[in-house]
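First comes the structure, then the notes that go with it.
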Amino acid sequence: MSPSRGPLRLFRATLKYSQLQNCRLFCSLAENVTGSRIQSYTSRSSDPYLNLSIEHYLLQKSPPDSAILFLYTNRPCIVIGRNQNPWVEVNLGLLDAATGTRDTATDSTKPPALGSVDLVRRRSGGGTVFHDRGNVNWTVISPRDGFTRDKHAEMVVRALRGLGIDRARVNERHDIVLDQGQRSRKAGLSDDEHTTPYMANGSAAPQPLKVSGSAYKLTRTRALHHATCLLQSPNLNLIPDYLHSPAKPYIEARGVASVSSPVGNIGIEITPFERAVFEEFVALYDKEQSQKDMEEVGVDSLEISDIRKGYDELKTLDWMYAQTPQFTISKEFGNDVFSMTVRHGSVLESTHLSIEMPKLHEIKDWRRYASTDIGNWLNNILLIPSNS
Numbered sequence: 001m002s003p004s005r006g007p008l009r010l011f012r013a014t015l016k017y018s019q020l021q022n023c024r025l026f027c028s029l030a031e032n033v034t035g036s037r038i039q040s041y042t043s044r045s046s047d048p049y050l051n052l053s054i055e056h057y058l059l060q061k062s063p064p065d066s067a068i069l070f071l072y073t074n075r076p077c078i079v080i081g082r083n084q085n086p087w088v089e090v091n092l093g094l095l096d097a098a099t100g101t102r103d104t105a106t107d108s109t110k111p112p113a114l115g116s117v118d119l120v121r122r123r124s125g126g127g128t129v130f131h132d133r134g135n136v137n138w139t140v141i142s143p144r145d146g147f148t149r150d151k152h153a154e155m156v157v158r159a160l161r162g163l164g165i166d167r168a169r170v171n172e173r174h175d176i177v178l179d180q181g182q183r184s185r186k187a188g189l190s191d192d193e194h195t196t197p198y199m200a201n202g203s204a205a206p207q208p209l210k211v212s213g214s215a216y217k218l219t220r221t222r223a224l225h226h227a228t229c230l231l232q233s234p235n236l237n238l239i240p241d242y243l244h245s246p247a248k249p250y251i252e253a254r255g256v257a258s259v260s261s262p263v264g265n266i267g268i269e270i271t272p273f274e275r276a277v278f279e280e281f282v283a284l285y286d287k288e289q290s291q292k293d294m295e296e297v298g299v300d301s302l303e304i305s306d307i308r309k310g311y312d313e314l315k316t317l318d319w320m321y322a323q324t325p326q327f328t329i330s331k332e333f334g335n336d337v338f339s340m341t342v343r344h345g346s347v348l349e350s351t352h353l354s355i356e357m358p359k360l361h362e363i364k365d366w367r368r369y370a371s372t373d374i375g376n377w378l379n380n381i382l383l384i385p386s387n388s
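Using full-length UniProt numbering, read the sequence shown as starting at 1 and increasing by one per residue.
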């Protein structure tokens with residue numbers, strides 16, 4: 001035998017074993033999602049595009065009578081709703097300032113303390129949220145019959161109370177909040193998931209802190225409810241900067257606008273939270289307790305063609321920007337008024353832009369299409385992150 005064949009065989013054997021392990025992981029997901037009535041998963045990946053694509057796959061491929069729990073934590077990112085406007089919801093210049101590629105002659109945006117932040121458009125409705133590694137995302141997919149917007153938020157509140165978080169409740173917007181009032185009485189049997197002894201009334205009462213906001217996607221037979229849960233985010237003081245768009249005062253937009261609320265951290269570790277949510281999910285849906293633990297999924301899931309297809313779509317600029325509902329942007333310049341109407345990312349009409357233009361997300365310098373004053377202003381508020 002030549003000396004080179006031994007290592008080559010070992011390499012081939014190692015490669016085949018690695019491929020086999022990956023196959024087991026993604027084949028298991030593909031088999032389980034179509035055959036199991038009760039399913040629970042946790043993701044090893046922090047890629048928001050991947051986790052949202054796995055979630056969509058679970059919604060699309062699971063049996064109509066099945067119930068699924070999916071837990072994941074993303075790297076820092078901003079996730080907007082399906083029908084939202086990124087120019088209204090997000091400070092796009094701040095996302096770009098982290099790369100150091102902005103034209104400092106026309107843009108005074110200071111680089112943020114946080115590094116690179118992804119911008120993602122999800123497939124469900126609802127408002128804009130900030131994700132990081134101190135924020136756990138939980139998803140429940142269930143039959144549409146019997147679904148309510150409170151049902152799974154109540155499930156998570158029970159999990160939190162089991163961990164000693166007795167200020168947690170579901171509010172009238174179906175969000176989870178922590179009441180900030182003084183204890184008025186002992187907790188009792190009369191307290192359901194919508195009341196706590198810390199609820200305060202009156203104009204001077206401290207506002208509850210929002211710790212979990214929800215979004216939904218309904219199909220003919222299925223209901224998807226996914227939400228954030230702020231456990232130990234180190235970036236609460238930075239979130240308002242990212243979600244304050246300098247373009248918003250100049251835009252009249254269709255679509256869904258986010259509703260701002262004071263937020264806070266719950267202050268518990270991720271592992272016990274995930275375990276508590278899993279146990280409440282089992283208690284709610286798995287009366288036979290066939291689920292002993294959650295299955296892990298991750299980057300190997302991209303071997304599934306439907307997940308890969310969804311992943312690639314979420315990363316396209318057309319999905320991120322050209323899905324934006326129609327909006328109009330306008331501003332006075334001296335005695336003149338600039339106005340521009342945009343639909344699906346393309347300029348429909350404008351008072352000052354007379355030449356044929358590319359889509360907004362393809363424009364690198366607005367001074368090519370407008371006067372210097374208008375071009376500099378549009379560069380400051382409309383240019384998308386250059387690393388997109």
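Glycine included, every Cβ here is placed at the ideal spot set by N, Cα and C. Note that the structure is predicted; figures quoted are calculated from it, not measured.
Nearest to residue 164 by alpha-carbon distance, out of 62, 325, 276, is 276. DSSP, reduced to helix, strand and coil, places residue 296 within a strand of the structure shown. Using a Cβ distance threshold of 8 Å, residue 126 and residue 245 do not count as a contacting pair. As the crow flies, the alpha-carbon of residue 41 is around 40 Å from that of residue 342.
Around the beta carbon of residue 89, 16 or more other beta carbons lie within 10 angstroms, which makes this residue buried. CA-CA distance, residue 283 to residue 249, rounds to 47 Å. The region 146-160 and the region 248-265 do not touch, with fewer than 3 CB-CB distances between them shorter than 8 Å. For residue 201, the secondary structure class from DSSP, reduced to helix, strand or coil, is coil.
Taking the Cα positions, residue 272 is about 56 Å away from residue 353. A straight-line Cα-Cα distance of about 9 Å links residue 55 and residue 226. By the Cβ criterion, the region 258-273 is in contact with the region 208-222, since at least three pairs of Cβ atoms, one from each stretch, lie closer than 8 Å. When secondary structure is reduced to three states using DSSP, residue 172 falls in the coil class, being assigned neither helix nor strand. Following the DSSP letters along the chain, one finds residue 39 inside the beta strand (DSSP E) bounded by residues 38-43.
Here residue 141 really is in contact with residue 222; their C-beta atoms are around 6 Å apart, less than 8 Å. A straight line joining the alpha-carbon of residue 363 with that of residue 44 spans about 36 Å. A distance below 6 Å between beta-carbons, with the five flanking residues on each side excluded, links residue 53 to the following residues of its chain, in chain order: 307, 310, 311. DSSP, reduced to helix, strand and coil, places residue 248 within a helical segment of the structure shown. In the three-state scheme derived from DSSP, where H, G and I count as helix and E and B as strand, residue 368 is classed as helix. In the structure shown, the three-state DSSP call for residue 380 is helix. The region 233-243 and the region 55-68 do not touch, with fewer than 3 CB-CB distances between them shorter than 8 Å.
Taking a C-beta distance under 8 Å as the contact criterion, residue 339 and residue 324 do not qualify as a contact pair. Residue 149 is positioned such that its CB atom lies no closer than 8 Å to that of residue 196. For residue 369, same chain residues with a beta-carbon under 8 Å away, outside a window of 5 residues either side, are 353, 355, 357, 363, 375 in chain order. Taking each of 28, 49, 330 in turn and checking the Cα distance to residue 320, the smallest one comes out for 49. Only residues of its own chain outside the window of five on either side were considered, and among them 66 have a CB closer than 7 Å to the CB of residue 36, listed in chain order. A Cβ-Cβ separation of about 6 Å places residue 136 in contact with residue 71 under the 8 Å criterion. The residues 340, 341, 353, 357, 360, in chain order, have a CB closer than 8 Å to that of residue 347 in the same chain once the five nearest residues on each side in sequence are set aside. In the DSSP assignment, residue 228 forms a beta bridge with 137. Residue 114 sits away from residue 86, with the two beta carbons spaced by 8 Å or more. The residues 375, in chain order, have a CB closer than 6 Å to that of residue 367 in the same chain once the five nearest residues on each side in sequence are set aside.
Per DSSP, residue 327 lies in no alpha helix (DSSP H) segment; the continuous beta strand (DSSP E) that holds it begins and ends at 327-333. If you draw a straight line from the Cα of residue 326 to the Cα of residue 345, it comes to about 8 Å.
Residue 47 and residue 302 have their C-alpha atoms roughly 12 Å apart. For residue 155, the uninterrupted alpha helix (DSSP H) run begins and ends at 151-162, by DSSP.
Distance from the CA atom of residue 117 to the CA atom of residue 267, rounded to whole angstroms, is 23 Å.
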